[in-house]
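Okay, so the sequence shown: first residue is 6 according to this note's numbering, each after it adds one. Ideal Cβ positions, reconstructed from N, Cα and C, are used throughout, including at glycine. Please read all numbers here as calculations on a predicted model, not as lab measurements.
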Amino acid sequence: MKTVLTYGTFDLFHVGHLNMLQRLRAMGDKLIVGVSSDTFNEIKGKKSLYSYDERAQIVAALSCVDEVFPENNWQQKQQDIVEYAVDIFGIGSDWQGKFDELEDLCQVVYLPRTPTISTTELKKSLSKVDADSILQIKQGLDSVLNIVKAIE
Ligand code: CTP
Numbered sequence: 006m007k008t009v010l011t012y013g014t015f016d017l018f019h020v021g022h023l024n025m026l027q028r029l030r031a032m033g034d035k036l037i038v039g040v041s042s043d044t045f046n047e048i049k050g051k052k053s054l055y056s057y058d059e060r061a062q063i064v065a066a067l068s069c070v071d072e073v074f075p076e077n078n079w080q081q082k083q084q085d086i087v088e089y090a091v092d093i094f095g096i097g098s099d100w101q102g103k104f105d106e107l108e109d110l111c112q113v114v115y116l117p118r119t120p121t122i123s124t125t126e127l128k129k130s131l132s133k134v135d136a137d138s139i140l141q142i143k144q145g146l147d148s149v150l151n152i153v154k155a156i157e
């Protein structure tokens, strides 16, 4: 049984998140995901549109994800790796080299990001449009999410 671990905020869940989680799941038999808590996001200087509960609920609903737990601080990774008997820690190449010290505990992989999409870019696009358009975009995102859930 090979266990894979990753972390992230996963706000405004998009296809880049999905690709990353599916690729990580394919590397083992079980994928566990630490979703950044709202308090930890504040520490990181991030403000998510969706709350921790909403983000964790979306990630946990995916068939490629076996377990979700809150990521509350930078230091918990070592303990999580031991506690969950993790074989592979994986994360996007935006973190290249940042977690090499975990190699003492498990295999560490940095995977290429899906190009041209990120939560930051989505937020920038959304901030340029009026409230009605935002509602339409949100309804569009919600229906994409429903389709993803339906095909899982
Ligand atoms: N990710 C990815 N491809 C993208 C966007 C994200 O592979 N286009 C990966 C990240 O590398 C990370 C995980 O998805 O391993 C969670 O990323 P997160 O920071 O929550 O998403 P971003 O869209 O990068 O958000 P932000 O712009 O706020 O950093």
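- Shown here, Q84 sits in a helix according to DSSP, grouped into three states.
- With a contact defined as Cβ atoms closer than 8 Å, V20 and T124 miss out at about 12 Å.
- At the C-beta level, I96 and G33 stay beyond 8 Å of one another.
- A buried status is given to V73, since no fewer than 16 other beta-carbon atoms sit within 10 Å of its beta-carbon.
- With a cutoff of 7 Å, D99 counts as near the ligand CTP, since its C-beta is closer than that to a heavy atom of the ligand.
- DSSP, reduced to helix, strand and coil, places G21 within a helical segment of the structure shown.
- Residue range 35-41 is occupied by the beta strand (DSSP E) that includes K35.
- Out of K52, T14, G50, K49, the CA that lies nearest to the CA of V38 is found in T14.
- With a threshold of 16 other beta carbon atoms within 10 Å, M6 falls short and is exposed.
- In terms of side-chain proximity, the C-beta atom of G50 is found no nearer than 7 Å to any non-hydrogen atom of the ligand CTP.
- Not one heavy atom of the ligand CTP sits closer than 7 Å to the Cβ of N46.
- DSSP places E72 in the uninterrupted beta strand (DSSP E) bounded by 72-76.
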